[in-house]
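Engineer: Residue numbers (the working numbering): 17 to 456.
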Amino acid sequence: QLEGLPLPASVLERDILPARVRGYVPRLLDELGAAGEVAWVGVGSLGRDDGRIALYRPDRLALLLSAGEPASAGPPATAAVSSEPLAPTAFAGGPPAAGPNEPATTPDDSEWLKEVLRRQLEERGASFYRDLLAAGLRGAGERGVKAPTERELLDALWDLVWSGQVTNDTFAALRALRWPRTSRDRSAARPRLGASGRMGPPEGAGRWSLVSDAVATSVALVGGHQSSVTERRHALAMRLLERHGVVTRDGVAAEGLPGGFGAVYPVLRELEEHGRVRRGYFVEGLGGAQFALPGAVDRLRAERADPSGDRSTEGRTMVLAAADPANPYGASLPWPRHGDDDRRVLSRSAGAYVVLHDGEPILYLDRGGRSLQTLPGFASPDAAGPALHALASLVVDGRLRSLQIERLDGTPIAESPHRERLSEAGFRQSYRGFVVRAAR
17 QLEGLPLPAS VLERDILPAR VRGYVPRLLD ELGAAGEVAW VGVGSLGRDD
67 GRIALYRPDR LALLLSAGEP ASAGPPATAA VSSEPLAPTA FAGGPPAAGP
117 NEPATTPDDS EWLKEVLRRQ LEERGASFYR DLLAAGLRGA GERGVKAPTE
167 RELLDALWDL VWSGQVTNDT FAALRALRWP RTSRDRSAAR PRLGASGRMG
217 PPEGAGRWSL VSDAVATSVA LVGGHQSSVT ERRHALAMRL LERHGVVTRD
267 GVAAEGLPGG FGAVYPVLRE LEEHGRVRRG YFVEGLGGAQ FALPGAVDRL
317 RAERADPSGD RSTEGRTMVL AAADPANPYG ASLPWPRHGD DDRRVLSRSA
367 GAYVVLHDGE PILYLDRGGR SLQTLPGFAS PDAAGPALHA LASLVVDGRL
417 RSLQIERLDG TPIAESPHRE RLSEAGFRQS YRGFVVRAAR
């Protein structure tokens with residue numbers, strides 16, 4: 017269900033995979049990568065230390081990897097789904113700041129370095145950080161320019177990663193991006209190959225290779241068959257059906273697929289004509305163009321609440337990363353509002369969380385964890401208490417080290433009428449707000 021979906025790297029292993037795999041530990045993903053069972057491709061930067069990645073089965077990479085233009089909700093409906101890697105895009109983190117004795121840099125200053133790294137990978141194949149470092153130093157010497165700093169080399173490398181041109185055979189480098197920069201940033205140092213035993217920075221761990229090489233390998237794994245545009249769009253449509261259950265225009269737009277809903281609509285309509293997909297008005301408010309696999313429709317009907325109200329409360333409350341594809345709010349469904357005057361901006365950004373009760377959003381925790389927003393469902397006493405306990409579980413379960421609520425619905429927590437409820441859920445009052453900390 018997650019294959020090919022761009023997800024923030026910072027929440028993939030902390031929130032998204034543990035929500036689906038009981039007892040998940042990073043070793044499980046590493047083992048799949050080492051066995052060649054899963055590959056990842058960058059799909060845009062979210063700043064210097066984070067970005068979106070998409071996971072693929074290596075043999076399906078050429079079939080599912082869409083590219084040719086930056087992800088957008090509104091390209092022409094005729095845009096084809098290509099098997100080429102993503103075109104380079106600007107690095108949102110920007111170039112590193114120049115030191116007091118360094119010449120000012122411009123966005124083009126790193127282009128020669130990125131070209132050197134691409135050439136190294138084209139000519140030498142998969143390479144370790146030390147090989148890329150050597151190529152960068154040689155390239156600087158050939159051009160008569162100052163050798164790149166470690167930070168400049170890493171920025172150029174990760175620019176290629178986030179633009180979908182370069183990948184890695186492990187997930188270790190992705191994890192290292194979240195480590196405190198003070199313990200790993202040596203941006204002022206100009207590396208030397210003569211340094212004995214140099215393993216390179218954690219963000220450079222593993223073997224780096226071109227995504228285009230992985231695509232070529234993917235084609236070879238299926239006997240050299242080059243998939244057609246029709247085959248790629250069919251695979252895309254089936255991927256959406258398996259992921260969403262009910263495919264809608266807004267749900268497809270939220271994924272930022274090239275071509276948007278118009279790229280897959282003809283395929284969905286053809287599948288309907290052949291009886292493989294149902295079309296109908298399955299979910300109120302999502303428009304008439306709704307497509308679903310027969311099994312998904314049956315499950316929706318089975319999950320409908322018993323009119324008598326006799327329904328087990330076990331497992332009814334859950335907390336999800338706002339960016340989790342299982343959270344439909346802000347994508348297929350609009351966020352509930354307290355009224356027409358409710359102008360709060362609730363996003364699906366990395367680091368934000370939503371608490372659901374019976375599928376209805378009750379609480380929204382802003383990125384950074386300092387501000388908590390209540391949604392209309394919080395007015396129900398049956399939902400408010402379980403929702404706050406679920407929020408505290410982010411710390412109890414180890415997803416967050418601590419959680420300190422300083423503002424609730426935009427007002428200081430000290431003025432909130434919900435202070436007692438927070439205390440009952442395990443929060444303790446501090447001089448700044450209400451906090452939950454991991455047990456030592």
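Don't be surprised by glycine CBs; every beta carbon is placed ideally from N, CA and C.
This one's a predicted model, so the numbers in the text were calculated from it and none came from an experiment.
Where DSSP assigns a beta bridge to Phe307, which residues make up the other side?
Structural biologist: Within the sequence shown, the letter at position 291 stands for residue 307. For Phe307, which the question treats as bridged, DSSP gives the partners Val263, Arg295.
Engineer: What span of residues does the alpha helix (DSSP H) with Pro397 cover, start to end?
Structural biologist: As a working mapping, residue 397 is identified with position 381 in the sequence shown. Element bounds for Pro397: 397-412.
Engineer: Are the segment 352-360 and the segment 309-318 in contact at 8 Å, needing three or more beta carbon pairs?
Structural biologist: Output reads no: the segment 309-318 does not touch the segment 352-360.
Engineer: Count the other CB atoms, across all protein chains shown, that sit within 10 Å of the CB of Phe107; report buried if there are 16 or more and exposed otherwise.
Structural biologist: Within the sequence shown, the letter at position 91 stands for residue 107. Note on Phe107: pLDDT 28, under 50, position unreliable in the model; the coordinate value appears next. Burial call: buried.
Engineer: Alpha carbon to alpha carbon, how far is Val11 from Trp224?
Structural biologist: The question about residue 11 has no answer here: the residues shown for the chain are numbered 17 through 456.
Engineer: I want to see whether chain C comes within less than 8 Å of Arg444, judged by CB atoms only; does it?
Structural biologist: The chain labelled as chain C is not found in the depicted structure, where only one protein chain is given.
Engineer: Note down the Cα distance separating Arg360 from Pro433, rounded to an integer number of angstroms.
Structural biologist: For the purposes of this step, residue 360 is identified with residue 344 of the sequence shown, where counting begins at 1. For the purposes of this step, residue 433 is identified with residue 417 of the sequence shown, where counting begins at 1. Straight-line Cα distance between these residues: approximately 20 Å.
Engineer: Closer than 7 Å by C-beta to Arg140: which residues in its own chain qualify, once you throw out the five before and the five after it? Chain order, please.
Structural biologist: Within the sequence shown, residue 140 is the residue found at index 124, counting from 1. Result list for Arg140: Asp147, in chain order.
Engineer: Give the secondary structure of Glu319 by DSSP, where H, G and I count as helix, E and B as strand, and everything else as coil.
Structural biologist: Residue 319 sits at position 303 when you count from the first residue of the sequence shown. Note: Glu319 maps to coil in three-state DSSP.
Engineer: Restricting to Cα atoms, I'd like to know which of Leu33, Pro24, Gly275, Asp46 is closest to Gln17.
Structural biologist: Working through the sequence shown from its first residue, we reach residue 17 at position 1. Among Leu33, Pro24, Gly275, Asp46, the Cα nearest to that of Gln17 belongs to Leu33.
Engineer: Measuring alpha carbon to alpha carbon, tell me which of Thr427, Arg255, Ala408 ends up nearest Ser418.
Structural biologist: Position 402 of the sequence shown, counted from the start, is the residue given in the question as residue 418. If we check each option's Cα against that of Ser418, Ala408 comes out closest.
Engineer: From the DSSP output, in three-state form, read off Thr480 for me.
Structural biologist: Because the chain in this structure spans residues 17 to 456, residue 480 falls outside the shown range and cannot be described.
Engineer: How is the beta strand (DSSP E) around Arg140 delimited, first residue to last?
Structural biologist: Position 124 of the sequence shown, counted from the first residue, corresponds to residue 140. Here Arg140 belongs to no beta strand (DSSP E); instead the alpha helix (DSSP H) covers 127-140.
Engineer: Alpha carbon to alpha carbon, what distance is there between Ala454 and Pro344?
Structural biologist: Walking along the sequence shown from the start, residue 344 turns up at place 328. Walking along the sequence shown from the start, residue 454 turns up at place 438. The straight-line gap from Cα to Cα measures roughly 30 Å.
Engineer: Can you tell me whether DSSP reads Ala78 as helix, strand or coil?
Structural biologist: For the purposes of this step, residue 78 is taken as residue 62 along the sequence shown, with counting starting at 1. Correct three-state label for Ala78: helix.
Engineer: Can you give me the C-alpha to C-alpha distance between Pro112 and Leu169, rounded to a whole angstrom?
Structural biologist: One-based indexing of the sequence shown puts residue 112 at position 96. One-based indexing of the sequence shown puts residue 169 at position 153. Only weak support is given to the placement of Pro112: the predicted model assigns it a pLDDT of 34, under 50, and the value that follows is read from those uncertain coordinates. The alpha-carbon atoms of Pro112 and Leu169 are separated by roughly 10 Å.
Engineer: Within the continuous alpha helix (DSSP H) that includes Tyr145, where are the two ends?
Structural biologist: For this step, residue 145 is matched to residue 129 along the sequence shown. Residues 145-159.
Engineer: In the DSSP assignment, find the unbroken alpha helix (DSSP H) run with Gly276 in it and report its ends.
Structural biologist: The residue given as residue 276 occupies position 260 in the sequence shown. 276-289 is the extent of the alpha helix (DSSP H) around Gly276.
Engineer: I need the straight-line Cα distance from Leu336 to Leu237, nearest angstrom please.
Structural biologist: Along the sequence shown, one-based indexing puts residue 336 at 320. Along the sequence shown, one-based indexing puts residue 237 at 221. Distance between the alpha carbons of Leu336 and Leu237: 36 Å.
Engineer: Could you check whether Arg294 and Ala308 sit closer than 8 Å to each other, using their CB atoms as the reference points?
Structural biologist: Here residue 308 refers to the residue found at position 292 of the sequence shown. Here residue 294 refers to the residue found at position 278 of the sequence shown. Yes; because the gap between Cβ atoms is below 8 Å, this pair is in contact.
Engineer: Using the C-alpha atoms, what's the distance from Asp356 back to Ala87?
Structural biologist: The residue given as residue 87 occupies position 71 in the sequence shown. The residue given as residue 356 occupies position 340 in the sequence shown. Caution applies to Ala87, whose pLDDT of 34 falls short of 50 and renders its modelled position unreliable; the value that the coordinates give is listed next. The straight-line gap from Cα to Cα measures roughly 32 Å.
Engineer: Measure the C-alpha to C-alpha separation of Ala192 and Gly304 and round it to an integer number of angstroms.
Structural biologist: Locating residue 192 in the sequence shown gives position 176, where the first residue counts as 1. Locating residue 304 in the sequence shown gives position 288, where the first residue counts as 1. Cα to Cα, the separation comes out at about 45 Å.
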